[in-house]
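Residue numbers (our numbering), protein chains in the order written: chain V, 82 to 245; chain S, 42 to 265. Just so it is clear, CB atoms sit at the ideal spot from N, CA and C, and this is done for glycine as well. None of these values were measured; they are calculated from a predicted model. Worksheet: the structure to be examined is printed underneath.
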Amino acid sequence: MKKSSVIYFSIITIFLLVSFSEVYAQGHPPRGNKNVRENMFVLRTLRMTQALDLTEAQTAVIFPELNRAEKEKAQLQADLAREIRELRQLINNKKVEDREFENRVAKIVDLKEKIRSRESEFEKFLFTQLTSAQKARYIIFNIDFNRGMMERMGRARQSGKENK
Amino acid sequence: MKCEQAQKLISDRLDGKLSRWRQKRLARHLTTCELCRDYLKAQEIIQREALRTEEVDCPPEWWRQFEQTLQEKLIQSAQDEEAISVLPAGISTDIDIKEDKNNNKRGRSWTFKPHALQAASLLVVVAATLFLILYIGQSKKGELPLPLILSYEDSYFNLSQILAEDEEAASDFARSLEETILEETFLAGSEGTFIDIDYDFKTDNDTIELESLQTESINSEEGL
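This is the structure:
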């Protein structure tokens, strides 16, 4: 089997597994930010494979760990989003005690730290698998991808405003 | 008063330029400092001898020769000091701003005393330290540290917080991502091996018509 077909087959399999597991688990199609998270992950994996020019051997080692990290981080991000949503509601409530705020803030700080730590852990692992040139490419790829996503989001919001 | 200041005042007193107030200060210092009293005596002797000396009428050529010799000696002396002085504390720097010797114009030389140089060095070090502290403090406040700039998760978090407030934009964004995934997968497939997989995933609203997708070239600079 050719290298490219293995890589793309792996990416699509990841995508389908993530998508359908969510669908069956919840009994309804994924919406909003869940879709965003999954699609960003798939696109990022695809782009990363291309940008770093990963070999078949590298993808075989990196992808399982990438998938594990993604699942954990997605869960943590979901928890963080929920905490922040609840914090927004709490702020508007005048009867909330300081201790409640302290607990919420501590949870948010903890979640952010866990996300950062998990991301860092994966990147450390990734860097053990990459060549020097690939590491350098990864740095640039990451910046470009993040910036690109923000720009894309800006366009999506702009088109939404124009349609209203 | 320090001896150095007192000796300067002694020199001014001999020139008749000392104010009353300074004269008093000098007198007070002289009562307690034997070294300066000796200095004063020596200076008075020199002045007396100098006043006794008759004026010598030297030709201009002699003066030019004298100045040239003096300049050469000063330069030689400065070079010697430069070669000897290694430690900053002992440096006595001559800044020679003499003009072209061939034009026989006058040259001047300023000597920075070691303690002045030390004070200046200290001032520079203090200023540099303050600048660094302030600069680092500001950059910590104003700029994002590198891991945060690079962090995909932080970037995603910001993005998701914005999209959480705009469901329609979130949906459009997710759909645009799906479209790009399809496009790029097909682009990659056309270059290499065709990916034989049932790729009929649903979006929020409808099934993407693959035929209707326009395959655009990947904008690598954008990262998308």
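Three-state class that DSSP yields for residue i in the structure shown
i	result
residue 236 of chain V	helix
residue 100 of chain S	coil
residue 106 of chain V	Only weak support is given to the placement of residue 106 of chain V: the predicted model assigns it a pLDDT of 43, under 50, and the question is left unresolved by the model.
residue 134 of chain V	coil
residue 129 of chain V	helix
residue 42 of chain S	coil
residue 121 of chain S	helix
residue 206 of chain S	coil
residue 14 of chain S	In the structure as shown, chain S starts at 42 and stops at 265, and residue 14 of chain S therefore has no counterpart that could be examined.
8 Å Cβ cutoff, residue i in contact with chain V
i	result
residue 219 of chain S	yes
residue 122 of chain S	no
residue 30 of chain S	The structure shown has nothing for residue 30 of chain S, since chain S only spans 42 to 265.
residue 141 of chain S	Interpretation of residue 141 of chain S is limited by its pLDDT of 45, a score under 50 that renders its predicted location unreliable; the figure taken from the coordinates is listed afterwards. No, its Cβ sits nowhere closer than 8 Å to a Cβ of chain V.
residue 200 of chain S	yes
residue 118 of chain S	no
residue 162 of chain S	no
residue 194 of chain S	yes
residue 225 of chain S	yes
residue 214 of chain S	yes
Below-8 Å beta-carbon distance, residue i vs any chain S residue
i	result
residue 188 of chain V	no
residue 227 of chain V	yes
residue 123 of chain V	yes
residue 129 of chain V	no
residue 238 of chain V	yes
residue 185 of chain V	no
residue 158 of chain V	yes
residue 194 of chain V	no
residue 202 of chain V	no
residue 243 of chain V	no
In chain order, what are the residue ranges of uninterrupted beta strand (DSSP E) at least 3 long that sit wholly in the stretch 175-239 of chain V?
none
What runs of the alpha helix (DSSP H), each 4 residues or longer, lie entirely inside the stretch 44-107 of chain S?
44-55, 61-73 and 75-93
Cβ-based contacts, 7 Å cut-off: residues of the stretch 142-156 of chain V near chain S
154
Taking a cut of 8 Å between CB atoms, which residues from the stretch 212-224 of chain V lie near chain S?
220, 222, 223 and 224
Beta carbons nearer than 9 Å to chain S: which residues of the stretch 161-179 of chain V have them?
161, 162, 165 and 166
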